[in-house]
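Everything below concerns the one structure shown next.
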Amino acid sequence: KKYFKNKEEDLFRHNAFFIGKTIREEINRGQADYTPIYASEIPSLFLTGRKHIDVALIQVSPPDPYGFCSLGINVDIVKPLAQSSPLTIAEINPQMPRTLGNSFVHMKEIDYFVFNNSPLLEFNFDEPDEIANRIGKNLAGIIENKSTIHIGFGDLPNSTLKFLGDKKDLGMHSHSITDNIIPLIEEGVLTCRKKNFHPEKVITSFALGSKKLYNFVDNNPFIEFYPSNYVCNPRNIGMNKKMISINSARQIDLTGQVNAATEGYQFYSGLGETIDFMRGAAFSKGGKPIIVIPSTSRDGKKSRIVPHLDEGAGVMLSRGDVYYVVTEWGVAYLHGKTIRERVLELICISHPDFRQLLLEEAKKLNYIYSDQLLSCDDHGRICLYPSEYETIYTGRNNEQIKIRPVKTTDERLLKELYYSLNEKDRYLRFFGVKKEFTHSKTQSEVNIDYNKIFSIGAFVGEIGREKMIGNATYYLNPKLNTGEYSFLVNGEYRGKGIGTFLYQHMILIAKEKGLKGFYGNIHIQNKSTVRIIQRGGYTKITPPELGEKELFYEVFFDKEDSID
């Protein structure tokens, strides 16, 4: 601060490749320079001579018996700088850990050195708040065992590591590492055993944390440090199978453009490794590029999911770069989706207070159907998705089938389920050969209030590749306090107990909501449905009248309610 106050930048001009709080104000006042560049490309500026360097000031560990000093916790761009400089001055610090990998500088390469035994600077991340915890839990749901993790810079990506404790055989290939990796390693979660690129090694470029972390990496053969042009090279990143890149953002618009480094015209951070790792994860077999973002500003007054980015905001990630977006309200998958689909995905994970506004703005921009609905009650209030009713059904062949309430973004999946039915199945389900399932009709079946109408689906495949293979719905009859129930299962998945499980799960939901039972009509040829219904409680079946083909059933959850 004294340097800039005395206006010494007239003689020496500071140039930052990434912006932190120590230099942000000066850059935005024009007292210092900022060079936007990917972390993977910074070393080449110096190695090729495009940027001249006169002297490199580096900090190293004491030399080993062979004369090699370690760059310790910060290899990053330091080694390329030392290699490019005609003059290298080293501060030899006994408190600098001796890290392994491509982290060494020989004493012959050092022109001058000074000895300084002093503690290293430590960095403490903020403790995650409730919103960060909810984001972490949502994120953990899309990270598979045996994945390789990258954590982007910032409190939010770092805090998500705490929610990976139930995973198995994770790996790590990350620009930086923090204290949060230590418990994962000690608990046998982060093993790197299943990594195919640098197996059984954590690969990183620098360590950012406390003395505990610095002691942990000291002479630790499990952790290897390399320069940023190696660690952040998208080709190398993509060599890892199931590469997970977790990055934060400041804003995302409804079409999927991400601003991660500016506040309007003001520079906030920098490009860093975000694009390197997002694209590297996209190259990876089974990889997942992920953006984590709170749905609102800290004071809750502004949505971070917006119709359009602020004036002057920089687009760090294009619409094609963004795959997963995670907020405290859920997970959106954007890759390969139309503008209309991604708009709805993002609205559904925005803060409920802003969803109607975002919906109206999207309609004005002609992004979505002019009659598009959201899940609302009779008073127009947004109905929150009831995640407590999510569960897993393990099929008879051990296939994991997710059972969850339907939501706005399931419209296409429900249509595909309907269209997958043959003529006979459609006749038995709809009592007629229905050939068209329009948006105006189908959207009313997914934009529900979870009270008067409750609907659940059975899904296979992970988020972004989901397929609805079954659906069950009840419509509340408030006079009788019972629900008109119907369900269906894709023909390929019948005989696996899915229909029975959907029925039993809906009974649990209905009981919790105070319903007395279900009723409905079944075609007399639909004998399998009759058998399932009879397993639900105290059942009354009224045969069809002469010439009719539908029987009427009533199911009561308690014996007392079944008595006329």
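For what it's worth, our numbering labels the leading residue of the sequence shown as 1274, then goes sequentially.
By construction, the Cβ of each residue, glycine as well, lies at the ideal position given by its N, Cα and C atoms.
- With contact defined as three or more Cβ pairs closer than 8 Å, the segment 1465-1474 and the segment 1503-1515 are in contact.
- With a contact defined as Cβ atoms closer than 8 Å, residue 1607 and residue 1595 qualify at about 5 Å.
- The segment 1488-1496 and the segment 1362-1378 touch, with no fewer than 3 CB-CB distances between them shorter than 8 Å.
- Take the alpha-carbon of residue 1640 and the one of residue 1814: they are about 48 Å apart.
- In this model, residue 1440 and residue 1561 are separated by some 16 Å (Cα to Cα).
- In this chain, the alpha helix (DSSP H) harbouring residue 1353 covers 1351-1357.
- DSSP, read as helix, strand or coil, puts residue 1423 in strand.
- By the C-beta criterion, the segment 1517-1533 is judged to be in contact with the segment 1415-1427, since at least 3 inter-stretch pairs fall below 8 Å.
- Every alpha helix (DSSP H) of 4 residues or more that sits fully in the segment 1586-1667 is shown, in chain order, as 1612-1620 and 1625-1637.
- Cβ neighbours of residue 1785 within its own chain (closer than 6 Å, five residues either side excluded): none.
- In the displayed model, residue 1511 falls within a helix according to three-state DSSP.
- Counting along the chain, the unbroken alpha helix (DSSP H) around residue 1411 starts and ends at 1403-1413.
- The shortest C-alpha to C-alpha distance from residue 1378 to any of 1654, 1329 and 1418 is the one to 1329.
- Where residue 1555 is concerned, the enclosing alpha helix (DSSP H) starts and stops at 1547-1556.
- Between the C-alpha atoms of residue 1390 and residue 1397 there is a straight-line separation of about 22 Å.
- By the beta-carbon neighbour count (other beta carbons within 10 angstroms, threshold 16), residue 1623 is buried.
- In the structure shown, residue 1719 adopts helical secondary structure according to DSSP, grouped into three states.
- Inclusion of residue 1818 and residue 1792 in the CB contact set at 7 Å is not warranted, their separation being larger than that value.
- Residue 1745 and residue 1580 have their alpha carbons spaced roughly 34 Å apart.
- The beta carbon of residue 1392 is closer than 8 Å to those of 1368 and 1484 in its chain, skipping five residues each way along the sequence.
- Apart from sequence neighbours up to five positions away, the residues of its chain that approach residue 1488 with a beta-carbon distance below 8 Å are 1370, ordered along the chain.
- Distance from the CA of residue 1557 to the CA of residue 1743, rounded to the nearest whole angstrom, comes to 32 Å.
- Looking only at 1663, 1415, 1709 and 1602, the smallest Cα-Cα distance to residue 1779 is reached by 1663.
- Residue state for residue 1316 is assigned as helix, using DSSP reduced to three classes.
- When the beta-carbon positions are compared, residue 1716 and residue 1646 come within less than 7 Å of each other.
- Annotated three-state conformation of residue 1679 is coil, per DSSP.
- By the neighbour-count definition (other C-beta atoms within 10 Å, threshold 16), residue 1446 is a buried residue.
- Residue 1612 places its beta carbon 7 Å or farther from that of residue 1711.
- Residue 1388 sits exposed, since fewer than 16 C-beta atoms from the chains shown fall within 10 Å of its C-beta.
- In the structure shown, residue 1801 falls within a helical segment according to DSSP collapsed to helix, strand and coil.
- Bounds of the beta strand (DSSP E) holding residue 1445 are 1444-1450.
- In the three-state scheme derived from DSSP, where H, G and I count as helix and E and B as strand, residue 1785 is classed as helix.
- In the DSSP assignment, residue 1747 falls within the beta strand (DSSP E) that extends over 1740-1750.
- Short of 6 Å from the beta carbon of residue 1702, and not among the five residues preceding or following it, lie these beta carbons of its own chain, in chain order: 1761.
- For residue 1330, the enclosing beta strand (DSSP E) covers residues 1329-1333.
- The distance from the Cβ of residue 1432 to that of residue 1401 is about 4 Å, consistent with a contact at the 8 Å cut-off.
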